[in-house]
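>
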Amino acid sequence: MDRRVAHEARVDALVAAHLERRGQGLKHPVEDFLFTYYNYRPNQLRTWFPGFDRPPTDKERARIGWIRDLLAATRDRAPHLGCFGLHEWAMVYQDTETRHPVPLRMAPDKLAAFVDAQNVRCSHFDAFRFFTPPARSLNLLQPSRETQRDNEQPGCLHANMDLYKWAYKLAPLVPAELVVDCFELARDVRTLDMRASPYDLADLGYPPVRIETPNGRAEYVTHQRAFAERAAPLRDRLVEACDRLLAPAPSPGTV
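Note that the working numbering has the sequence shown beginning at 10, numbered continuously upward.
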C-alpha cells in the first residue's frame with residue numbers, strides 16, 4: 010500500500026471518534042485531551058510527508074537543537090518510577106473546582122489528606138504549573154521552563170506523552186509515520202494518566218488504578234515502566250532525526 014494512503018487510513022481510524030463528537034458538540038474528558046492540549050489538529054495529523062527533503066532554516070535549526078538537547082538529556086537519565094501519578098491529585102488539592110466535568114472518587118477532604126501523606130515528586134513543568142497554589146509547596150521539586158532540560162526523566166508519563174509534541178514540532182522534517190507513532194503512545198499514556206487520577210471515570214469505561222492502595226501503586230508502576238520502555242525507541246528516533254537535520258551540509262564537490 011502507498012505510504013500516503015496507509016498513513017491517511019491509519020489517522021482516520023484514530024481521529025474518527027473525536028471528529029464525530031466534535032460534530033455533535035460533545036466532549037470526552039480523556040480522549041479529547043490530545044486534540045485540545047496539544048496544538049496539532051486532526052487534519053494536520055492526517056497530512057502525510059516523507060520527512061527531511063530540504064535543509065532546515067536557521068530558525069528551524071534553533072528549535073531542532075533545543076528539542077534534541079531536551080530529548081537527549083531525558084534519555085540519558087534513569088527512569089524514576091515513584092511519583093504514582095500524584096500530579097493529577099495535586100491539580101485538585103484543596104480546590105472547590107475540578108478540571109473535568111466528572112465526579113471525584115473520594116471526598117475533597119479525604120483527597121487532601123491522602124496527598125498530604127505522600128511524597129509529591131513531579132518533575133514535569135507542564136504538569137506542575139497546573140497544581141493548585143497550596144499543592145505547589147508540597148512538591149519536592151520546583152520545575153520551571155528554564156530547568157526543564159535538567160528535570161525531565163524517561164519514567165514521567167507526561168514527558169513520554171510529549172514525544173508527540175516534539176514530533177509534530179519537527180514536522181514536516183520528520184516522517185509523518187513517526188508523528189503518528191508518538192500520537193499513539195500519547196493516547197495510551199493518557200489513558201493511564203486519567204485512570205490513576207482522582208476522577209471517577211468508570212462509567213466511561215476507565216476502571217481506576219487506585220494509587221491510594223498498595224496494589225494500585227504497584228499496578229501503576231508496572232504500566233509506567235512499560236510506557237518508559239515503549240517510549241525509549243521513539244525518543245531515540247527523534248534524537249536521530251534531529252542529528253540528521255543538524256548535520257553540516259556536504260561541501261560542494263564532495264560525495
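Note that the Cβ used here is the ideal one computed from N, Cα and C, for glycine as well.
If we ignore side chains and look at the alpha-carbon of each, how far apart do Gln151 and Pro51 end up?
Position 142 of the sequence shown, counted from the start, is the residue given in the question as residue 151. Position 42 of the sequence shown, counted from the start, is the residue given in the question as residue 51. One C-alpha to the other measures close to 34 Å.
> Can you tell me which residues form a DSSP beta bridge with Leu113?
Here residue 113 is taken as the residue at index 104 of the sequence shown, counted from 1. For Leu113, which the question treats as bridged, DSSP gives the partners Tyr208.
> Please report the distance separating the alpha-carbon of Glu40 from that of Pro257.
Translated into positions along the sequence shown, residue 40 becomes position 31. Translated into positions along the sequence shown, residue 257 becomes position 248. Glu40 and Pro257: Cα-Cα distance of roughly 41 Å.
> Can you have a look at Gly214 and say buried or exposed, based on whether 16 or more other CB atoms are within 10 angstroms of its CB?
Start at 1 with the first residue of the sequence shown, and residue 214 comes out as number 205. That one is exposed.
> Across the region 139-155 and the region 207-226, are there enough close Cβ pairs to call them in contact, namely three or more that are closer than 8 Å?
Output reads no: the region 207-226 does not touch the region 139-155.
> Counting only beta-carbon separations shorter than 9 Å, does Leu90 have a partner in chain D?
The question asks about chain D, but that chain is absent: this structure has only one protein chain.
> Which one of Ala81, Thr105 and Ala82 has the shortest CA to CA distance from Thr141?
If you number the sequence shown from 1, residue 141 lands on position 132. When only C-alpha atoms are compared, the closest one is Thr105.
> Hey, which unbroken runs of the alpha helix (DSSP H) at 4 residues or more fall wholly within the region 82-163?
As far as the region 82-163 is concerned, its whole alpha helix (DSSP H) runs of at least 4 residues are 95-99, 117-125, 134-137, 142-145 and 157-160.
> Give the secondary structure of Lys178 by DSSP, where H, G and I count as helix, E and B as strand, and everything else as coil.
For the purposes of this step, residue 178 is taken as residue 169 along the sequence shown, with counting starting at 1. Correct three-state label for Lys178: helix.
> What would DSSP say about Glu40, mapped onto helix, strand or coil?
Counting from one through the sequence shown, the residue named residue 40 turns up at place 31. Of the three classes helix, strand and coil, the one that applies to Glu40 here is coil, per DSSP.
> Could you check whether Leu43 and Arg199 sit closer than 9 Å to each other, using their CB atoms as the reference points?
Residue mapping note: residue 199 aligns to position 190 of the sequence shown, counting from 1. Residue mapping note: residue 43 aligns to position 34 of the sequence shown, counting from 1. For Arg199 and Leu43, yes; Cβs fall inside 9 Å.
> If you check the beta carbons only, do Ala195 and Arg145 fall under 9 Å apart?
Residue numbering aside, residue 195 sits at position 186 when the sequence shown is read from its first letter. Residue numbering aside, residue 145 sits at position 136 when the sequence shown is read from its first letter. Result no, Cβ atoms of Ala195 and Arg145 do not sit closer than 9 Å.
> On the three-state DSSP scale, how would you describe Pro51?
Mapped onto the sequence shown, residue 51 falls at position 42. Reduced to three states, the DSSP call for Pro51 is helix.
> Measure the alpha-carbon distance for Arg234 versus Asn160 and round it to whole angstroms.
Numbered from 1 along the sequence shown, position 225 holds the residue referred to as residue 234. Numbered from 1 along the sequence shown, position 151 holds the residue referred to as residue 160. Using only the alpha carbons, I get a separation of about 18 Å.
> Is the region 125-139 touching the region 161-172, taking contact as three or more C-beta pairs under 8 Å?
Enough Cβ pairs lie closer than 8 Å, so yes.
> Where does Arg63 sit, in a helix, a strand or coil, going by DSSP?
For the purposes of this step, residue 63 is taken as the residue at position 54 of the sequence shown. Reduced to three states, the DSSP call for Arg63 is coil.
> Should Arg13 be labelled buried (16 or more other beta-carbon atoms within 10 Å of its own) or exposed?
Here residue 13 refers to the residue found at position 4 of the sequence shown. Exposed, because fewer than 16 other Cβ atoms sit within 10 Å of the Cβ of Arg13.
> Beta carbon of Leu255, beta carbon of Ile73: below 9 Å?
For this step, residue 255 is matched to residue 246 along the sequence shown. For this step, residue 73 is matched to residue 64 along the sequence shown. Yes. Within cutoff.
> Under 8 Å: do the region 118-130 and the region 61-81 share three or more Cβ pairs, one atom per stretch?
The region 118-130 is not in contact with the region 61-81.
> Near Ala241, which residues of its chain fall below 8 Å by C-beta distance, leaving aside the five closest residues on each side in sequence?
Counted from its first residue, the sequence shown places residue 241 at position 232. Contacts found: Arg84 and Pro163.
> How should Phe192 be labelled, buried or exposed, when 16 other C-beta atoms within 10 angstroms of its C-beta is the threshold for buried?
Residue 192 sits at position 183 when you count from the first residue of the sequence shown. Buried is the call here.
> Taking the alpha-carbon positions, what's the Val272 to Trp57 distance?
What is shown of the chain runs 10 to 264, which leaves residue 272 out entirely.
> At what residues does the alpha helix (DSSP H) containing Phe236 begin and finish?
Here residue 236 refers to the residue found at position 227 when the sequence shown is read from its first residue. Counting along the chain, the alpha helix (DSSP H) containing Phe236 begins and ends at Pro223 to Leu255.
> My understanding is that Leu95 touches Val129, with C-beta atoms under 8 Å, so please give their C-beta distance in whole angstroms.
Position 86 of the sequence shown, counted from the first residue, corresponds to residue 95. Position 120 of the sequence shown, counted from the first residue, corresponds to residue 129. Confirmed, Cβ separation roughly 5 Å.
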